[in-house]
Amino acid sequence: MSLIAHFSPRPSRKNRAARFDARPAADARQPPVSPSALMMLAGGGLIAASAAGWLLGAGGDNPPSRPARYAALGAALLAGSVLADSALEHYRGNYRRPAMGIAPLAAGATLATALATAISRRALTLKSAIFGASFTTGLFGLGFHLKNILERPGGLSFNNLFYRAPFGAPGALALAGASGLCAVAAENAAWRASEGTIEEDTGRILGLVTAGGMFGLTAEVGLLHFRGAFHNPLMYAPVAAVPLTGAAILAASVEPTGTRHATARRLLGATTALGLVGPLVHAYGVSRNMGGFGNWTQTLFQGPPIAAPPSLAGMALTGFAALDLLKRSAREHRHD
Amino acid sequence: MAEFAENEAVDFVIVGTGAGGGVLAARLAEAGFSVVAFDAGAFYRPLEDFASDEKEQEKLYWLDERISGGDDPLEFGSNNSGKAVGGSTVHFQMVTLRFRPEWFKSRTLLGYGHDWPMDWREMWRYYALAEDAMKIAGPVRYPWGPKRGRYPYREHELSASALVLAKGAEALGVAWAPTPTATLSAPRGEAHPCVYRGFCKIGCSTNAKQSMLVTFIPRALKAGAEIRDLAMVGRVETGADGRATGVHYYRNGAWHFQKARNVVVSGYSIETPRLLLNSASPRHPDGLANSSGLVGKGLMAHSNDAVWGVMEEEIRWYKGPPSLAVCEHWNYEDEGKDFFGGYSFMSQGPLPTDFATSLVSNEGVFGHELRRWMALYNHMAGLKIVGETMAQDENRVELSDEKDALGLPIPRVTFSYCDNDKRMIAHARAFMKRMLQAAGGSDLYETSSTAHLMGGCRMGDDPRTSVVDASGRSWDIDNLFVCDGSLFPTAGGVNPSLTIVANSLRIAERIIELNRRGDLAPIRRGRAFPC
Numbered sequence: 001m002s003l004i005a006h007f008s009p010r011p012s013r014k015n016r017a018a019r020f021d022a023r024p025a026a027d028a029r030q031p032p033v034s035p036s037a038l039m040m041l042a043g044g045g046l047i048a049a050s051a052a053g054w055l056l057g058a059g060g061d062n063p064p065s066r067p068a069r070y071a072a073l074g075a076a077l078l079a080g081s082v083l084a085d086s087a088l089e090h091y092r093g094n095y096r097r098p099a100m101g102i103a104p105l106a107a108g109a110t111l112a113t114a115l116a117t118a119i120s121r122r123a124l125t126l127k128s129a130i131f132g133a134s135f136t137t138g139l140f141g142l143g144f145h146l147k148n149i150l151e152r153p154g155g156l157s158f159n160n161l162f163y164r165a166p167f168g169a170p171g172a173l174a175l176a177g178a179s180g181l182c183a184v185a186a187e188n189a190a191w192r193a194s195e196g197t198i199e200e201d202t203g204r205i206l207g208l209v210t211a212g213g214m215f216g217l218t219a220e221v222g223l224l225h226f227r228g229a230f231h232n233p234l235m236y237a238p239v240a241a242v243p244l245t246g247a248a249i250l251a252a253s254v255e256p257t258g259t260r261h262a263t264a265r266r267l268l269g270a271t272t273a274l275g276l277v278g279p280l281v282h283a284y285g286v287s288r289n290m291g292g293f294g295n296w297t298q299t300l301f302q303g304p305p306i307a308a309p310p311s312l313a314g315m316a317l318t319g320f321a322a323l324d325l326l327k328r329s330a331r332e333h334r335h336d
Numbered sequence: 001m002a003e004f005a006e007n008e009a010v011d012f013v014i015v016g017t018g019a020g021g022g023v024l025a026a027r028l029a030e031a032g033f034s035v036v037a038f039d040a041g042a043f044y045r046p047l048e049d050f051a052s053d054e055k056e057q058e059k060l061y062w063l064d065e066r067i068s069g070g071d072d073p074l075e076f077g078s079n080n081s082g083k084a085v086g087g088s089t090v091h092f093q094m095v096t097l098r099f100r101p102e103w104f105k106s107r108t109l110l111g112y113g114h115d116w117p118m119d120w121r122e123m124w125r126y127y128a129l130a131e132d133a134m135k136i137a138g139p140v141r142y143p144w145g146p147k148r149g150r151y152p153y154r155e156h157e158l159s160a161s162a163l164v165l166a167k168g169a170e171a172l173g174v175a176w177a178p179t180p181t182a183t184l185s186a187p188r189g190e191a192h193p194c195v196y197r198g199f200c201k202i203g204c205s206t207n208a209k210q211s212m213l214v215t216f217i218p219r220a221l222k223a224g225a226e227i228r229d230l231a232m233v234g235r236v237e238t239g240a241d242g243r244a245t246g247v248h249y250y251r252n253g254a255w256h257f258q259k260a261r262n263v264v265v266s267g268y269s270i271e272t273p274r275l276l277l278n279s280a281s282p283r284h285p286d287g288l289a290n291s292s293g294l295v296g297k298g299l300m301a302h303s304n305d306a307v308w309g310v311m312e313e314e315i316r317w318y319k320g321p322p323s324l325a326v327c328e329h330w331n332y333e334d335e336g337k338d339f340f341g342g343y344s345f346m347s348q349g350p351l352p353t354d355f356a357t358s359l360v361s362n363e364g365v366f367g368h369e370l371r372r373w374m375a376l377y378n379h380m381a382g383l384k385i386v387g388e389t390m391a392q393d394e395n396r397v398e399l400s401d402e403k404d405a406l407g408l409p410i411p412r413v414t415f416s417y418c419d420n421d422k423r424m425i426a427h428a429r430a431f432m433k434r435m436l437q438a439a440g441g442s443d444l445y446e447t448s449s450t451a452h453l454m455g456g457c458r459m460g461d462d463p464r465t466s467v468v469d470a471s472g473r474s475w476d477i478d479n480l481f482v483c484d485g486s487l488f489p490t491a492g493g494v495n496p497s498l499t500i501v502a503n504s505l506r507i508a509e510r511i512i513e514l515n516r517r518g519d520l521a522p523i524r525r526g527r528a529f530p531c
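Chains as they are written, first to last, in full-length UniProt numbering: chain A, 1 to 336; chain B, 1 to 531.
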């Protein structure tokens, strides 16, 4: 009785019942493509970007210096990881905002540029501009993700940090850009070194970028593994190794000694290994979801993200570049 | 699974395998005792046996005939009585909240009800053990009550329906929290994490839900206990000395007798008193453990009144666990109350049949009007209380003269709200209305119902005012125990399951200690309590 008195949808409120009765427009609820198409697009994107980078780089001129190659390959790994990961994660959000398409596109451009940088020394200015743009895009992404976190009830709460747009993820794109810039700087340093100038500062800067990246990645991995309650002891591995690597590379950058170099090198090796084994462990994690890979159209998106861990290896490669530069400059010092 | 012979006395017969009996079976078997746990319901395998169908899943409810009377007769089934191995936890809503510490001494500290025979600090330890055993997914910070350790698993993502509560609470300036929930937010052993399928309340078919069926029952089996399902215990037998000797149970079309050194009754607030009362003997003419006359008395239910509204945005409240956000403000705030006790309330997600039924029974809508309301289903949100009612002797379980198909007397249950209960409900309805409005809800309406059962065999420190002592041992018969929700002296304003589990863990430890010091019938094989 009271219900009827309280509520008379049709006359009182602009035909509300009819409005709710109607199904929402399909584009608001449905993903833009099927999961299979998405996988083909993401895979195709990775291949196309890699091929483009290779084609752009192939030209017969002198290959870049070793540190530049390392840093460029690091940038490529980071960008590839972001491409695949953001393509899948934003798919979960149905690419509701057009800006969500920017991340995989920017990552694709970064991947192509980074591979070209690893192969050839040409057009360094243009490459710097592209890497700079990725770096900036990553920073804007951080802003978008932070806004997404803060606009929900609870604000900066664990629930929002766990389940809203991951705060640190766009940082990986920024790191890809930064690593690319590092590759260009390393190449310039190598060129100047061949002219007789010692470039210790570049190695130091690369070291600091790597350390910062490692600490940022630790925060991201730590938060998400905490969300998973560290239910598998393997989840502690990156949380332990990555910050140690950051500290080691920081120490080696501030004061490069033989021991510090050796320590940093070993830890960078361990982090690289984690980054490369990570996708397998995450694939096992996906198989733990209901239905396993037989139900991949759901479980792949339920996580853990298979494409994310290689970013650790990417960052470590940039660290190797830093060590290489620091070692060279140390050698030059000794020659003085 | 171990099988014990009927004519050989086992250390413990446990009647019921829910949050009381299931826990006790596991802990006592793990301590080395021989245990046979009976359940009137079936031993289901959720992956094969559970359907995404509200009607089919009624097989999980205790729907045997009960005579329900009083001013506010209770309705039995979905949210207060289970009939399956694992008991009601197989279809509980997974809300696992701790009691407010003061409630354990509510008579002394708050001036109502009865004191519990233990201290809250003792319970705090068992709460932590219970939460770990069920891998509760809870918030990193819980805004109410004394400090608690970290929940073993992290909180779940809030559903749209939970966000309505969050939004409303923030608008009114009161705290809210993601609900500590007994379903996995990460893998555990062979169990998958929750897939947010949303049929939690009618039995989880992914096994993510941490009911007794997937937590303590497997532990009991592993430790050598026997679970005897589809076995209705009708009578506890007592010998010439007045002590319990075993139980009569009906299984496979015939009555059987299982000998036991100790009997634990864990049938919950209706069946436990019913069994004790039906086991009267010349030495115990008023039923077992009933020298105080309190068996069956002090029955409590939680008020489950709710406020519902229509939201502008799409909610789809059937997704995921139904109650992912909670507000315990009025459990911990005593200023501004005109009643004793407290209440919590949670976001809601009734399945379609459940929702339609509540519309029909509360508002009397039907036909086209009902259809029009159901068309709003995906835009509805609601807040529902778990409200603490007072323990009254008049609210009770008795035996009627009518018999069921097995020849057992049908229980007669009397329940009426007292004035305090009514004031509490009025307060809650008004507050939830404000909150739902503040969250953007319109066209509000209210429903009334009850949930859960507590009391009926109160535990206490005094044989004159309680049925059992702090160990769950009856004051009258030293080898007869009660271990379930019927022990509750007061109801508390939170869902009872976690407190039942924690209290059962506590009772298990006390029973093992009784045996260690030679104060228990079996005196055998007891080994250190591995806690």
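Glycine residues also receive a C-beta, built at the ideal position from the N, C-alpha and C atoms.
Buried/exposed call for residue i, threshold 16 Cβ in 10 Å
{"i": "residue 360 of chain B", "result": "exposed"}
{"i": "residue 79 of chain B", "result": "buried"}
{"i": "residue 429 of chain B", "result": "buried"}
{"i": "residue 252 of chain A", "result": "buried"}
{"i": "residue 236 of chain A", "result": "exposed"}
{"i": "residue 284 of chain B", "result": "buried"}
{"i": "residue 33 of chain A", "result": "exposed"}
{"i": "residue 262 of chain B", "result": "buried"}
{"i": "residue 36 of chain A", "result": "exposed"}
{"i": "residue 328 of chain B", "result": "buried"}
{"i": "residue 92 of chain B", "result": "buried"}
Cut-off 7 Å between Cβ atoms - residues of its own chain near residue i, not counting five sequence neighbours on either side
{"i": "residue 47 of chain B", "result": "205 and 207"}
{"i": "residue 421 of chain B", "result": "303, 389 and 390"}
{"i": "residue 471 of chain B", "result": "507, 510, 511 and 514"}
{"i": "residue 529 of chain B", "result": "With a pLDDT of 42 at residue 529 of chain B, under the threshold of 50, the predicted position of this residue should be treated as unreliable, and no value is reported."}
{"i": "residue 158 of chain B", "result": "166, 178, 324 and 325"}
DSSP-derived helix/strand/coil call for residue i
{"i": "residue 513 of chain B", "result": "helix"}
{"i": "residue 97 of chain B", "result": "coil"}
{"i": "residue 14 of chain B", "result": "strand"}
{"i": "residue 294 of chain B", "result": "coil"}
{"i": "residue 174 of chain B", "result": "coil"}
{"i": "residue 202 of chain A", "result": "helix"}
{"i": "residue 363 of chain B", "result": "helix"}
{"i": "residue 258 of chain B", "result": "strand"}
{"i": "residue 197 of chain B", "result": "coil"}
{"i": "residue 328 of chain B", "result": "coil"}
{"i": "residue 116 of chain B", "result": "coil"}
Chain-ordered chain B contacts of residue i [CB-CB under 8 Å]
{"i": "residue 162 of chain A", "result": "154, 155 and 157"}
Cα-Cα separation between residue i and residue j, rounded to whole angstroms
{"i": "residue 496 of chain B", "j": "residue 205 of chain A", "result": "59 Å"}
{"i": "residue 282 of chain A", "j": "residue 90 of chain A", "result": "19 Å"}
{"i": "residue 289 of chain A", "j": "residue 227 of chain A", "result": "15 Å"}
{"i": "residue 161 of chain A", "j": "residue 3 of chain B", "result": "50 Å"}
{"i": "residue 266 of chain B", "j": "residue 395 of chain B", "result": "20 Å"}
Contact list for residue i against chain B, beta-carbon separation under 7 Å
{"i": "residue 154 of chain A", "result": "166"}
{"i": "residue 231 of chain A", "result": "186, 187 and 188"}
Contact set between residue i and chain A, taken where Cβ atoms lie within less than 9 Å
{"i": "residue 215 of chain B", "result": "In chain order: nothing, as chain A lies at least about 16 Å away."}
Neighbouring residues, chain B, relative to residue i (Cβ below 9 Å)
{"i": "residue 158 of chain A", "result": "139, 140, 141, 154, 155 and 178"}
{"i": "residue 226 of chain A", "result": "140 and 154"}
{"i": "residue 289 of chain A", "result": "187, 192, 193 and 195"}
Close-in-space but distant-in-sequence residues of the same chain around residue i (CB under 8 Å, 5 per side omitted)
{"i": "residue 217 of chain B", "result": "17, 22, 25, 26, 85, 86 and 227"}
Sequence-distant residues of the same chain with beta carbon closer than 6 Å to residue i, five excluded per side
{"i": "residue 548 of chain B", "result": "Not covered by the structure: residue 548 of chain B. The range shown for chain B is 1 to 531."}
Partners in chain A for residue i, counting only beta-carbon separations shorter than 8 Å
{"i": "residue 335 of chain B", "result": "The contacting residues do not exist; residue 335 of chain B stays about 25 Å from chain A at best."}
{"i": "residue 352 of chain B", "result": "By Cβ distance, chain A contributes nothing, its closest Cβ being about 15 Å from residue 352 of chain B, past 8 Å."}
Chain-ordered neighbours of residue i on chain A, where CB pairs are closer than 7 Å
{"i": "residue 170 of chain B", "result": "153"}
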